[in-house]
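**Student:**
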Amino acid sequence: MIHLKSKREIQEMKKAGELLAYIHSQIKEMIKPGVTTWEIDQLSHKIMKDHGAIAQQIGYNGYKYATCASINDEICHGFPRKKPLLEGDIVTIDMVVNLNGYLADSAWSYGVGLIDDKAQQLLDVTKKSLYLGIEQAQVNNRTGVIGHAIQSYVEPLGYSVVREFSGHGIGQDMHEDPMILHYGKANKGVRLQEGMVITIEPMINIGHWKSSLDDDGWTARTIDGSLSAQFEHTIAITAEGPLILTEQK
Ligand code: MF3
Ligand code: CO
Numbered sequence: 005m006i007h008l009k010s011k012r013e014i015q016e017m018k019k020a021g022e023l024l025a026y027i028h029s030q031i032k033e034m035i036k037p038g039v040t041t042w043e044i045d046q047l048s049h050k051i052m053k054d055h056g057a058i059a060q061q062i063g064y065n066g067y068k069y070a071t072c073a074s075i076n077d078e079i080c081h082g083f084p085r086k087k088p089l090l091e092g093d094i095v096t097i098d099m100v101v102n103l104n105g106y107l108a109d110s111a112w113s114y115g116v117g118l119i120d121d122k123a124q125q126l127l128d129v130t131k132k133s134l135y136l137g138i139e140q141a142q143v144n145n146r147t148g149v150i151g152h153a154i155q156s157y158v159e160p161l162g163y164s165v166v167r168e169f170s171g172h173g174i175g176q177d178m179h180e181d182p183m184i185l186h187y188g189k190a191n192k193g194v195r196l197q198e199g200m201v202i203t204i205e206p207m208i209n210i211g212h213w214k215s216s217l218d219d220d221g222w223t224a225r226t227i228d229g230s231l232s233a234q235f236e237h238t239i240a241i242t243a244e245g246p247l248i249l250t251e252q253k
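Note that our numbering has the sequence shown beginning at 5, numbered continuously upward.
1. Candidates 33, 37, 70 and 150: which alpha carbon is nearest residue 241's?
2. Which runs of the alpha helix (DSSP H) at least 4 residues long sit entirely within the stretch 11-64? Give them in chain order.
3. Rounding to the nearest angstrom, what Cα-Cα distance links residue 163 and residue 109 in this structure?
4. According to the neighbour-count rule (16 or more other Cβ atoms, all chains shown, within 10 Å of its Cβ), is residue 196 buried or exposed?
5. Per DSSP, what are the beta-bridge partners of residue 234 in this structure?
6. Closer than 7 angstroms by C-beta to residue 129: which residues in its own chain qualify, once you throw out the five before and the five after it? Chain order, please.
7. Check residue 160 in the structure and name its three-state DSSP category.
8. Comparing C-alpha positions only, which one of 248, 35 and 29 sits nearest to residue 142?
9. Count the other CB atoms, across all protein chains shown, that sit within 10 Å of the CB of residue 227; report buried if there are 16 or more and exposed otherwise.
10. Mapping the DSSP letters down to three states, classify residue 186 as helix, strand or coil.
11. Hey, how far is the Cα of residue 7 from the Cα of residue 201?
12. Verify whether the separation of the beta carbon atoms of residue 224 and residue 113 is less than 9 angstroms.
13. Look up residue 98 in the DSSP assignment and give the residues it is bridged to.
14. Inspect the beta-carbon positions of residue 305 and residue 119 and report whether they are closer than 9 angstroms.
15. Could you check how far apart the C-beta atoms of residue 23 and residue 57 are, in whole angstroms? I think they sit under 8 angstroms.
16. On a CA-only basis, which of 148, 83 and 79 is nearest residue 127? Give me that one, please.
17. By the DSSP assignment, the alpha helix (DSSP H) with residue 138 in it spans what residues?
18. For residue 49, collect the residues of the same chain with a Cβ closer than 6 angstroms to its Cβ; drop the 5 residues on either side in sequence, then sort them by chain order.
19. Measure the alpha-carbon distance for residue 176 versus residue 11 and round it to whole angstroms.
20. Please classify residue 253 as buried or exposed, where buried requires at least 16 neighbouring CB atoms within 10 angstroms.
21. Short of 7 angstroms in beta carbon distance, which residues of its chain neighbour residue 215, apart from the five on each side in sequence? Order them along the chain.
22. Report the three-state DSSP secondary structure of residue 242 (helix, strand or coil).
23. Nearer than 8 angstroms: is that true of the beta carbon of residue 111 relative to any heavy atom of ligand 1?
24. Report yes if the CB atom of residue 229 is closer than 9 angstroms to the CB atom of residue 77, and no otherwise.
Encoded structure:
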């Protein structure tokens with residue numbers, strides 16, 4: 005079922021989104037070789053607590069951490085860990101903030117120190133694909149238009165779109181309808197309506213789109229070991245167009 009949100013509810017979600025964006029801005033400041041994703045997780049959780057917010061991912065299907073930290077060929081849902089990040093790594097930090105019962109979800113990929121051109125181009129293309137998807141988050145568009153915009157941008161450049169994970173509605177629950185695919189046909193999916201709030205969160209690989217799951221039951225990684233990146237925003241569908249609730253200043 006799709007829960008349409010009132011303007012007031014969207015404002016509440018925006019407050020959660022602003023806090024999440026602030027956390028990402030702090031992560032950006034601290035990321036460098038030698039820092040651990042464990043420290044990033046601790047900092048993120050502390051900022052949430054200091055602002056009266058809850059780390060919604062803790063306890064979700066038994067997940068234990070405030071953030072997901074996915075390094076290099078890891079696509080998503082990696083665990084924060086005490087192993088130092090290395091120069092040239094790319095790492096995606098994903099989290100869901102719950103402020104007063106309203107949620108926001110945003111993932112961002114970061115380069116660690118100096119990264120090579122191949123990795124930088126992946127980050128640039130993945131971020132651009134998110135914004136091309138967001139442009140299509142308009143009243144009356146089918147959800148398929150979003151995925152089509154992403155896939156038709158990245159594939160001609162030689163990249164692939166992960167299929168096993170998708171965007172989703174979000175509100176007082178982390179995962180609501182509709183599902184937002186990052187690939188596929190433009191004439192598929194439900195039509196977007198004013199008051200819907202969704203995530204768009206393309207995961208883009210340099211190699212094949214397929215993933216495998218680690219023995220930990222969570223960490224998804226590329227089957228061919230190629231790099232993967234992800235950028236995610238929470239977006240409200242409004243009469244005036246897409247409103248990004250997690251935009252960074
Ligand atoms: N933030 C993720 C999403 O985009 C959820 C991760 S699953 C969790 O949907 F278990 F880590 F919370
Ligand atoms: Co999400």
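The C-beta atom is built at its ideal place from N, Cα and C for all residues, glycine as well. None of these values were measured; they are calculated from a predicted model.
**Tutor:** According to the data block:
1. 150
2. 11-34 and 41-54
3. 24 angstroms
4. Residue 196 comes out buried.
5. 207
6. The beta carbon of residue 129 sits closer than 7 angstroms to those of 158, 161, 163 and 208, all from its chain and outside the five residues before and after it, given in chain order.
7. helix
8. By alpha-carbon distance to residue 142, the top candidate from 248, 35 and 29 is 248.
9. Result: exposed.
10. coil
11. Taking the straight line from one Cα to the other gives about 9 angstroms.
12. no
13. 72 and 111
14. Nothing about residue 305 can be read from this structure; the chain reaches only from 5 to 253.
15. 6 angstroms
16. Closest by alpha carbon: 79.
17. 121-139
18. The beta carbon of residue 49 lies closer than 6 angstroms to those of 59 and 70 in the same chain, with the five residues before and after it left out.
19. 14 angstroms
20. exposed
21. In its chain, beyond the 5 residues on either side, 79, 166, 168, 224, 225, 226 and 227 have a beta carbon closer than 7 angstroms to the beta carbon of residue 215.
22. strand
23. Yes, ligand 1 has a heavy atom inside 8 angstroms of this Cβ.
24. yes
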